[in-house]
Amino acid sequence: MKKILLHICCAPCSASAVKLLKEEYKISFFWHNPNVYDKTEYENRKISAVRYCVSSGFDFFEESQFEYDYENWKKFFLEQCSLCYELRLEKTALFAKENNFDFFTTSLLSSPHQNHEVIKTLAQEISKKVGIEFLYEDFRPYFYEEKNVLKRENYYMQKYCACAKSYRERFKNV
């Protein structure tokens, strides 16, 4: 069975990706999400992702050189979606290459709120640069079904994409 490294942004998005990949690939999770605002939100998402990973029987990896520092991250990336995608996809591809995975992909492709064309284009460019194959799959068809399964199992359900910009956009009229 081929090995795939799945960048995970959260448990709910991971679930629909897993549903489509688990029969064909040996899946491992990779957590690298410096874009998450704020630290409590970051921790809630990570705890939920680890819980889902463990309950599914997959290996869980994370960027070893990372220490949460949203303010520093924000200064560099200015809350631009494409730069955020690129950073996380590149870290995932590099880790996959260094650890002999056959493919890498991302649970970002599960969300109906993410820009698939930008993600796909960036990942294909990174794939060529790093020298590891990117697997594009549209995981959206199972997003709501799998999200509801995790919701019933009391997994954490975030209310916004991740960064402070998406937080402000989500709660501006609340």
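Counting in the numbering used here, the sequence shown tops out at residue 183, every number present.
For each residue, glycine too, the CB sits at the ideal point set by N, CA and C.
- The three-state reading of DSSP puts L15 in strand, counting E and B together.
- Inter-residue distance for E107 and E33 is about 22 Å (C-alpha atoms, whole angstroms).
- Taking 9 Å as the cut-off, the beta carbon of L30 is found closer than this to the beta carbon of E146.
- Across the set Y164, S23, F70, the C-alpha of F70 shows the shortest separation from the C-alpha of F104.
- No Cβ-Cβ contact shorter than 9 Å links S175 with L131.
- Under DSSP, E142 takes part in a beta bridge, and its partners are F112.
- According to the DSSP secondary-structure assignment, I128 is paired through a beta bridge with no residue.
- By the criterion of a C-beta distance shorter than 7 Å, C62 is surrounded in its chain by F38, F69, once the five residues flanking it on both sides are discounted.
- K28 is positioned such that its CB atom lies closer than 9 Å to that of F148.
- Distance from the CA of Y153 to the CA of Y46, rounded to the nearest whole angstrom, comes to 24 Å.
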